[in-house]
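Residue numbers (the numbering used here): -6 to 129. Glycine residues also receive a C-beta, built at the ideal position from the N, C-alpha and C atoms. Taking it in order: structure first as structure tokens, then the write-up.
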């Protein structure tokens, strides 16, 4: 894969769009909470787990496995793409804790396709959250 096939990732323009410390899942307890009773969205590139949280802000956790993506540069690229896509959709995902796990196909996929794939996952998480609210 050449660098020319990857589109440049734009940076946050305003403070509310930034990927802040409060937007991250931190610690094993936070990840365990999501893994216990999560709604799942799967495809050939990612598995996305989402669960409602008690806060207003959406939080993201990344589990980018070395097993599925050997090169550190590719793992870092995947993390950047996931964080950027999450940042762009953060307002629509408010009140959710989300964990993204990679699969082997993600390492060979260009950024544009990864963004499209993640948009579908974000929609699935939104729909799952709406369904979860309806159950209570």
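Quiz item: Can you tell me the Cα-Cα spacing of residue 19 and residue 38, whole angstroms?
Solution: Here residue 19 corresponds to residue number 26 of the chain shown, with the count starting at 1. Here residue 38 corresponds to residue number 45 of the chain shown, with the count starting at 1. Those two C-alpha atoms are separated by around 24 Å.
Practice problem: Give the secondary structure of residue 87 by DSSP, where H, G and I count as helix, E and B as strand, and everything else as coil. | Solution: Residue numbering aside, residue 87 sits at position 94 when the chain shown is read from its first letter. Coil.
Quiz prompt | Boundaries (first-last residue) of the beta strand (DSSP E) holding residue 33 | solution = The residue you call residue 33 lines up with position 40 of the chain shown. Its beta strand (DSSP E) spans residues 32 to 35.
Quiz item: Any idea if residue 29 is buried or exposed, counting beta-carbon neighbours within 10 angstroms, 16 or more meaning buried?
Solution: The count along the chain shown starts at 1 and reaches residue 29 at position 36. Classification for residue 29: exposed.
Quiz prompt | the segment 108 to 127 in contact with the segment 53 to 62 per 3-pair CB rule at 8 Å | solution = Per the Cβ contact rule, the segment 108 to 127 is not in contact with the segment 53 to 62 (fewer than 3 Cβ pairs under 8 Å).
Exercise. Taking residue 56 as part of the beta strand (DSSP E), name the residues at either end of that continuous run.
Key: For the purposes of this step, residue 56 is identified with residue 63 of the chain shown, where counting begins at 1. Segment 52 to 56, the beta strand (DSSP E) holding residue 56.
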